[in-house]
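Numbering (my numbering), first residue to last: 22 to 230.
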């Protein structure tokens, strides 16, 4: 079963509490989402592999460390996931970025892919799938399934707010994927919104209703 990492960093907790407020405007919401994503990226990359490298400082030669494993890729789930990308790129500026777009079929209620553009070598990378909200888990599990069908297997999933129902579904369908969660909330309501949550992340990031 994939590990679940619920963030316990005071700055993450503080910033999540701030953006939960209904009176926080689009500009501030967007900025703080990126700040949270940056802090979560720091935590989600804690176990990346390193190798020794000889370097020369202005004083002497020494042995330092540099990343040794796969190069990273960030894959936001459209559209709200885009709001987390810049924060992560601030720590991993060389990462490639792909996009997955899904919509829910009104009759079957199943996610349907309408857009998928990935780096050509995505299957050789450490892939970070990002979406601010993990509610029912429908879109997230579908996006990860699509990635696996394209040969991508080294996947981590980052979300800012999660419901227990979404976490359970992710663990059931993708037990090999590690989950990094900013805050684990109480439940879903009858409309599929996370409680207490923060509303529709996409609308709040992009200023739409």
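Here a beta-carbon is modelled for each residue, glycine too, at the ideal position from N, C-alpha and C.
Query	Result
Give every residue of the same chain whose Cβ lies closer than 8 Å to the Cβ of residue 186, excluding the five residues on either side of it in the sequence, and list them in chain order.	156, 157, 158, 208, 209
Quick test of the definition: if touching needs 3 or more C-beta pairs under 8 Å, does the region 189–204 touch the region 169–181?	yes
Go ahead and label residue 250 buried or exposed: buried means 16 or more other beta carbons lie within 10 angstroms of its beta carbon, across all protein chains shown.	No answer is possible for residue 250: the residues shown for the chain start at 22 and end at 230.
Identify every run of the alpha helix (DSSP H) within the region 102–135, keeping only runs that are complete inside it and at least 4 residues long; order them along the chain.	106–110
Buried or exposed: which applies to residue 206, given that a residue is buried once 16 or more other Cβ atoms fall within 10 Å of its Cβ?	buried
Give the DSSP bridge partners of residue 100, in chain order.	The partner list for residue 100 (beta bridge, DSSP) is empty, contrary to what the question assumes.
For residue 135, which option in 98, 182, 173, 42 has the closest C-alpha, if you only look at C-alpha atoms?	98
Quick one: using the 10 Å Cβ neighbour count with 16 as the cut-off for buried, is residue 160 buried or exposed?	buried
Using CA coordinates, which residue listed in 221, 190, 149 is at the minimum distance from residue 69?	149
Would you tell me roughly how many angstroms separate the C-alpha atoms of residue 169 and residue 154, rounded to the nearest one?	21 Å
Under 8 Å between the Cβ atoms of residue 104 and residue 146?	no
How many angstroms separate the CA atom of residue 94 from the CA atom of residue 129?	31 Å
Quick check for students: name the residue ranges of the beta strand (DSSP E) that lie wholly in the region 24–103, counting only runs of 3 or more.	25–27, 71–77, 82–88, 93–99
Can you tell me whether residue 204 is helix, strand or coil according to DSSP?	strand
Residue 82 and residue 72: beta carbons closer than 8 Å?	no
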